[in-house]
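Below is one structure, written out as structure tokens; the observations come after it.
Numbering (our numbering), first residue to last: -17 to 226.
As structure tokens, this is what we get:
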């Protein structure tokens, strides 16, 4: 067997080594670029995800805002009227109108029937509770069921020497006590009915289809007009009374 020249073997070995090292160098030069590409792709994907989540968040906020706007409109236009009627029904049937659960259910039902879409329990409860609270405040402040304008209730005693009328309000109740000073006859009534005509507040109590009305100008708390109307709608008494 012929042995190859040692010098030639050294040359071949050196060539192989340099070739290998050159290949490694090429791979080494390409790796940072590949890593950068991967990093850029990952960064772009993260940006896309962030943008998508941000858009979804914006869309959800817009949707929530629209739902709240709808719910508030339904509250003002439907739910308040429903709760007012529930209070009247409870009073006429002799029930206690102050229990909140019943009123809240009435408000919830009215709002949910009106709103397009589902509010969710938390939002529905929020608007139902504010509806009941505002209607109760209306009654406490003597707000007209027909106009929504506020007038203070004329608490106190009023007389003209012949008639004595005592008025007071407690929570949502209006109390009337009228007495004929000449005969001694008297009557006590309870009501929650208040309406408004022009600038005058009209409080009405019913007794056997007779209406006892107190007409009051909130700008003049020193006098009231007492009216009594029979079942046929005929005014049978009208007296001006002054605060005593």
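Each residue gets a CB set at the ideal place from its N, CA and C atoms; glycine is no exception.
Is residue 85 helix, strand or coil by DSSP?
helix
Report the CB separation of residue 68 from residue 84 in whole angstroms; it is logged as a contact under 8 Å.
7 Å
Looking at C-alpha atoms only, which residue of 112, 86, 103 is the closest neighbour of residue 55?
Ranking the options by Cα distance to residue 55, first place goes to 112.
Please name the residue, chosen from 208, 59, 44, 61, that lies closest to residue 146 on a Cα-to-Cα basis.
208
According to DSSP, is residue 186 part of a helix, a strand, or is it coil?
strand
Going along the chain, which residues of its own chain have a beta-carbon closer than 8 Å to the beta-carbon of residue 184, five neighbours each way excluded?
Taking residue 184 as the centre and dropping the five residues before and after it, the same chain places the C-beta of 176, 177, 178, 195, 196, 197, 198 closer than 8 Å to its C-beta, in chain order.
Indicate whether residue 151 and residue 140 have their beta-carbon atoms separated by less than 7 Å.
no
Spell out the partners DSSP gives residue 192 in its beta bridges.
189
Can you grab the Cα-Cα spacing for the pair residue 79 / residue 205, in whole Å?
With a pLDDT of only 48 at residue 79, under the threshold of 50, the placement of this residue in the model should not be trusted; the figure read from the coordinates follows. Roughly 31 Å separates the two Cα atoms.
With residue 225 as the anchor, note down where its beta strand (DSSP E) starts and where it stops.
217 to 225
Taking residue 152 as part of the beta strand (DSSP E), name the residues at either end of that continuous run.
Per DSSP, the continuous beta strand (DSSP E) segment holding residue 152 begins and ends at 145 to 152.
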